Amino acid sequence: MSEPRDFKYTKEHEWVDAAGDIATVGITAYAADKLGDVVFVDLPTIGSTVVEGRVVGEIESTKSVGELFAPVDGIVLEINDAVVATPELVNTDPFGAGWLIKVTFTELPTLLSYDEYSALVGE
Numbered sequence: 372m373s374e375p376r377d378f379k380y381t382k383e384h385e386w387v388d389a390a391g392d393i394a395t396v397g398i399t400a401y402a403a404d405k406l407g408d409v410v411f412v413d414l415p416t417i418g419s420t421v422v423e424g425r426v427v428g429e430i431e432s433t434k435s436v437g438e439l440f441a442p443v444d445g446i447v448l449e450i451n452d453a454v455v456a457t458p459e460l461v462n463t464d465p466f467g468a469g470w471l472i473k474v475t476f477t478e479l480p481t482l483l484s485y486d487e488y489s490a491l492v493g494e
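Structural data, given as structure tokens:
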């Protein structure tokens with residue numbers, strides 16, 4: 372996997388690590404921090420079609436429920452079963468072991484760079 376500086380980002384706080392036609396998707400450390408302690412993750416089923424900007428899952432914490440938005444159009448290739456079993460991975464390693472889904476895509480939309488996302492969240 373690439374480094375967070377090389378990822379692309381959405382305004383909804385998802386990160387995308389694209390390699391070829393596969394996008395690994397997770398939520399940012401900023402989003403994980405704002406959610407608080409994550410206790411449940413609901414992800415789409417493998418083989419389902421996702422549409423950029425549409426809700427594809429939920430992340431529940433002790434504070435609130437957050438929605439996971441698809442950053443690309445595509446088909447879910449893989450979900451992170453480790454996160455489903457151990458949701459706190461989203462908090463402890465959001466850019467690594469806390470990834471959420473892998474999606475095959477044909478075209479990567481325009482997303483934010485690391486610097487643009489950092490400016491958005493004031494980091």
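All you need for the numbering used here is the position in the sequence shown, starting with 1, plus 371. The beta-carbon is built from N, C-alpha and C at its ideal position, and this holds for glycine as well. Just so it is clear, the structure is predicted and the values come from calculations on it, not from any experiment.
Using DSSP's beta-bridge definition, name the partner residues of residue i.
i: residue 445; result: 421
i: residue 437; result: 430
i: residue 394; result: 389 and 474
i: residue 500; result: The question about residue 500 has no answer, for the chain in this structure spans 372 to 494.
i: residue 495; result: Absent from the model: residue 495. The displayed extent of the chain is 372 to 494, so no value can be given.
Going straight from the alpha carbon of residue i to that of residue j, what length do you get?
i: residue 488; j: residue 381; result: 8 Å
i: residue 475; j: residue 407; result: 30 Å
i: residue 388; j: residue 397; result: 9 Å
i: residue 423; j: residue 446; result: 11 Å
i: residue 427; j: residue 478; result: 18 Å
i: residue 399; j: residue 421; result: 20 Å
i: residue 491; j: residue 425; result: 21 Å
i: residue 393; j: residue 386; result: 13 Å
i: residue 483; j: residue 464; result: 21 Å
i: residue 485; j: residue 376; result: 5 Å
i: residue 413; j: residue 459; result: 13 Å
Let me make sure I understand the geometry here. Which of the options has the alpha-carbon closest to that of residue i?
i: residue 493; options: 437, 377 and 384; result: 384
i: residue 379; options: 403, 442, 428 and 421; result: 442
i: residue 404; options: 412, 424 and 434; result: 434
i: residue 373; options: 466, 482 and 490; result: 466
i: residue 411; options: 482, 432 and 490; result: 432
i: residue 461; options: 377, 375 and 402; result: 402
Where does residue i land, buried or exposed, given buried means 16+ other C-beta within 10 angstroms?
i: residue 456; result: exposed
i: residue 430; result: buried
i: residue 440; result: buried
i: residue 418; result: exposed
i: residue 415; result: buried
i: residue 437; result: buried
i: residue 480; result: exposed
i: residue 391; result: exposed
i: residue 395; result: buried
TODO: Pair every Cβ in the region 462-481 with every Cβ in the region 442-452, then say whether three or more of these pairs are closer than 8 Å.
DONE: Yes, the region 462-481 touches the region 442-452.
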